[in-house]
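Input: a single structure, listed below in structure tokens.
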Amino acid sequence: MNKIVIYPGSFDPVTRGHVEIIKRAAKMFDHVIVAVLVNSAKKPCFSTDERLDMLRLALGNIHNVEIASFEGLLANYCKERKADAVIRGLRAVTDFEYEFQMALTNKKLNPNLETIFLTADSDSMYLSSSMVREVASMGGDISNFVPACVCEKIAEHFGHND
Ligand code: COA
3 MNKIVIYPGS
13 FDPVTRGHVE
23 IIKRAAKMFD
33 HVIVAVLVNS
43 AKKPCFSTDE
53 RLDMLRLALG
63 NIHNVEIASF
73 EGLLANYCKE
83 RKADAVIRGL
93 RAVTDFEYEF
103 QMALTNKKLN
113 PNLETIFLTA
123 DSDSMYLSSS
133 MVREVASMGG
143 DISNFVPACV
153 CEKIAEHFGH
163 ND
């Protein structure tokens, strides 16, 4: 049976931690949809197109990974894409409460939807997109935090590309 999983997020921007989760998910499922949330109420640092471009650069061509964007409820998008499950990465205990609440809400909205948690690897436990944004905005070195191919895009965005 063709198992489809969705890895949703803001990816503002994608980090090495996200890439690590996506690569592991691609080994476990037939098709992985990396879904960028387009949320007009939240003001992301990078536009939807920039976030999608950075994901494409970071992931290259993994044959069973699709990069897409969605608006509205994740539970509805999962129904629309006939997804069996949502994948989320867990970095630390502090992620748990929010993730648990989200998983249960999605299950109420779409009872067929499972949420699967992958633990972040030890190198990504501390990573977050907001930390990357802060370091990059001040001209710091982000090469340990994001894939090499997106470093330049992020530096350009903050005007530190010399
Ligand atoms: N490695 C590195 N960072 C990670 C990570 C990992 N493995 N997993 C999570 N993060 C970080 C992100 O970098 C981000 O950092 P930041 O807060 O510093 O920017 C943070 O964790 C959370 O980001 P993300 O995983 O992108 O989740 P999100 O909270 O931005 O988005 C959605 C969550 C999109 C899944 C959720 O908001 C959603 O489904 N929205 C649609 C509306 C909806 O259905 N609502 C009802 C359901 S609750």
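Going by my numbering, the first residue of the sequence shown is number 3, and it counts up by one from there.
Glycine residues also receive a C-beta, built at the ideal position from the N, C-alpha and C atoms.
In this text, all values refer to a predicted model and were calculated from it rather than measured experimentally.
Look up residue i in the DSSP assignment and say whether it is helix, strand or coil.
i	result
A150	helix
T117	strand
Y100	helix
S71	strand
H33	strand
I24	helix
L129	coil
G19	helix
With a Cβ-Cβ cutoff of 8 Å, do residue i and residue j count as a contact?
i	j	result
E68	I35	yes
V88	T117	yes
A77	L115	yes
S131	D51	no
R18	S126	yes
F119	E99	no
L59	I24	no
Would you call residue i buried or exposed, if buried means 16 or more other Cβ atoms sit within 10 Å of its Cβ?
i	result
N146	exposed
Y128	exposed
H20	buried
A28	buried
L75	exposed
A150	exposed
A94	exposed
Is residue i a contact residue of ligand 1, with contact defined as CB to any heavy atom under 7 Å?
i	result
L2	This structure does not reach residue 2, given that the chain is present from 3 up to 164, and the question cannot be answered.
G161	no
F13	yes
A28	no
A70	no
Hey, out of the options, whose CA is closest to residue i's CA?
i	options	result
I8	A37, K29, Q103, I23	A37
V152	D97, F48, V40	F48
H33	P15, C80, G11	C80
T96	V40, P113, A122, H65	A122
K155	M56, L75, R18, V137	M56
P91	G161, P46, E22, V40	Here residue 91 turns out to be Gly, not Pro, going by the sequence shown. The shortest C-alpha separation from G91 is found at E22.
P113	D86, R135, V134	D86
P10	D143, A105, A157, V134	A105
For residue i, is the beta carbon positioned less than 7 Å from some heavy atom of ligand 3?
i	result
S126	In the structure on display, ligand 3 does not appear, and the ligands it does have are ligand 1.
Answer yes or no: does any C-beta atom of chain C fall closer than 8 Å to that of residue i?
i	result
P113	Here there is only one protein chain, and chain C is not present.
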